[in-house]
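Colleague: Counting in this note's numbering, the sequence shown runs from 21 upward without gaps.
All C-beta atoms in this analysis are idealised placements derived from N, C-alpha and C, irrespective of residue type, glycine included.
Predicted model, so just to flag it, every value in this text is computed and none were measured.
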Amino acid sequence: GSVSASKTAAEGGGGAAAGRAAVVGGEGGVRGSSRARAEEVVRVSESVQGSVEEERLRAVIDRLRDEASELRTRLAEAAREADRLRQRERDGEQRRAAIDAKRQAAEAS
Numbered sequence: 021g022s023v024s025a026s027k028t029a030a031e032g033g034g035g036a037a038a039g040r041a042a043v044v045g046g047e048g049g050v051r052g053s054s055r056a057r058a059e060e061v062v063r064v065s066e067s068v069q070g071s072v073e074e075e076r077l078r079a080v081i082d083r084l085r086d087e088a089s090e091l092r093t094r095l096a097e098a099a100r101e102a103d104r105l106r107q108r109e110r111d112g113e114q115r116r117a118a119i120d121a122k123r124q125a126a127e128a129s
């Protein structure tokens, strides 16, 4: 914004424009260095933004790693519980089979 304003002021100066010609050239140098400063600010800003984004992503990754670890733990617990239930079912079937065998033996005698 300020760059175009100073350019417009220099161009629209009327009769004094010739007298300002050297100053305009000087402003060009200042504009160049201010552009370099602006580009540096943008580079630093993008770098900081990148670092912030990197930190945010690291935090997300850490959280996901923790969640994955918790899910693996819960999955292992669920698998152990399923094994216990299957074992209980097998034990029950064996008991029922033994009871049936005794009943059949008693009926046969």
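Please report the distance separating the alpha-carbon of T93 from that of D111.
Modeller: To locate residue 93, count along the sequence shown from 1; it is residue 73. To locate residue 111, count along the sequence shown from 1; it is residue 91. Their backbone Cα atoms lie some 27 Å apart in a straight line.
Colleague: Mapping DSSP to helix, strand and coil, what is S129?
Modeller: Indexing the sequence shown from 1 puts residue 129 at position 109. If DSSP states are grouped into helix, strand and coil, S129 belongs with coil.
Colleague: Roughly how many whole angstroms lie between the Cα atoms of E97 and I119?
Modeller: One-based indexing of the sequence shown puts residue 97 at position 77. One-based indexing of the sequence shown puts residue 119 at position 99. Cα-Cα distance, rounded: 33 Å.
Colleague: What separation, rounded to the nearest whole angstrom, lies between the Cα atoms of V72 and E90?
Modeller: Translated into positions along the sequence shown, residue 72 becomes position 52. Translated into positions along the sequence shown, residue 90 becomes position 70. If you take the alpha carbons of V72 and E90, they lie about 27 Å apart.
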